[in-house]
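Colleague:
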Amino acid sequence: MRRRRPAHETRADILQAAQLRLRQSGPTALRLDDVAADVGISRQAVLHHFGSRDGLLRAVVEGAWTGLFGDLATLVAAQGEAEPQDFVELVDDVARKRGNARLGAWLLLSEQGLPDSLFEGVDLASDSPAEDRFDLLLVGAALFGDAVFGARLRQVLGLADGEEERAAFRTWLVERLGR
Numbered sequence: 021m022r023r024r025r026p027a028h029e030t031r032a033d034i035l036q037a038a039q040l041r042l043r044q045s046g047p048t049a050l051r052l053d054d055v056a057a058d059v060g061i062s063r064q065a066v067l068h069h070f071g072s073r074d075g076l077l078r079a080v081v082e083g084a085w086t087g088l089f090g091d092l093a094t095l096v097a098a099q100g101e102a103e104p105q106d107f108v109e110l111v112d113d114v115a116r117k118r119g120n121a122r123l124g125a126w127l128l129l130s131e132q133g134l135p136d137s138l139f140e141g142v143d144l145a146s147d148s149p150a151e152d153r154f155d156l157l158l159v160g161a162a163l164f165g166d167a168v169f170g171a172r173l174r175q176v177l178g179l180a181d182g183e184e185e186r187a188a189f190r191t192w193l194v195e196r197l198g199r
């Protein structure tokens, strides 16, 4: 006999499976049957929790962006205490290693975009000088860009691509900021 899971557990498992599929293949490749199979439930169960494919996509987007802004707010708060290289590594972790940059780019460019409600209560501004916030903007833009299209850009520029090269880029970025 199958054990019936609580609704919040099933919903969380569906979101996790959908987020993984989105990170791997993008929104156009998200299929409810695949997500349901990943979780071990029926397609109808996915529809019960999210209403539609678009409803599932929206829930994944909102969860990813809420987490991303929470992570970035934590990074901003810790910026004064972190060494520059450590801070850059933390931003790279949030943007690239967790897949937030690619997912965010897909979702920002989608027809649905992001709801304004995601940005309510998000305060990444700090009491730090504008120059420090511009440094954060530069680091964020550079590392998000690197996560989204860095491999292709390195190829076009005739550079090698791999973790060693990405780490060298982050080190170079820190050195540039230190000037």
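My numbering numbers the first residue of the sequence shown as 21 and each following residue consecutively.
C-beta atoms are modelled at their ideal positions from N, C-alpha and C, and glycine is treated no differently.
Could you name each continuous alpha helix (DSSP H) segment of 4 residues or more that falls completely within the region 22-50, going from the start of the chain to the end?
Modeller: Secondary structure in the region 22-50: the alpha helix (DSSP H) runs of 4 residues or longer, each lying completely within the stretch, are 27-45 in chain order.
Colleague: What are the uninterrupted segments assigned as beta strand (DSSP E) that are 3 or more residues long and contained completely in the region 154-178, given in chain order?
Modeller: none
Colleague: Quick one: which unbroken beta strand (DSSP E) runs of 3-plus residues sit fully inside the region 70-117? Chain order, please.
Modeller: As summarised for the region 70-117, there are no continuous beta strand (DSSP E) elements at least 3 residues long confined to that stretch.
Colleague: Sort 195, 187, 28, 60 by Cα distance to residue 116 and report the nearest one.
Modeller: Along the sequence shown, one-based indexing puts residue 116 at 96. That would be 187, whose Cα lies nearest to the Cα of residue 116.
Colleague: Just mark residue 192 as buried or exposed, buried being the case when its beta carbon has 16 or more other beta carbons within 10 Å.
Modeller: On the sequence shown, residue 192 is found 172 positions in, with the first residue counted as 1. Exposed.
Colleague: Leaving aside the five residues before and after residue 155 along the sequence, list all residues of the same chain whose C-beta is less than 8 Å from its C-beta, in chain order.
Modeller: Here residue 155 refers to the residue found at position 135 of the sequence shown. Sequence-distant Cβ neighbours of residue 155 in its own chain, meaning closer than 8 Å and more than five residues away, are 197.
Colleague: Out of 173, 177, 194, point me to the one whose CA is closest to residue 160's CA.
Modeller: Residue mapping note: residue 160 aligns to position 140 of the sequence shown, counting from 1. It is 194 whose Cα lies nearest to the Cα of residue 160.
Colleague: Do residue 37 and residue 59 have their CB atoms nearer than 7 Å?
Modeller: Mapped onto the sequence shown, residue 37 falls at position 17. Mapped onto the sequence shown, residue 59 falls at position 39. Yes, they are a contact pair.
Colleague: Please say whether residue 69 and residue 34 have beta carbons closer to each other than 7 Å?
Modeller: The sequence position of residue 34 within the sequence shown is 14, counting from 1. The sequence position of residue 69 within the sequence shown is 49, counting from 1. Yes. Within cutoff.
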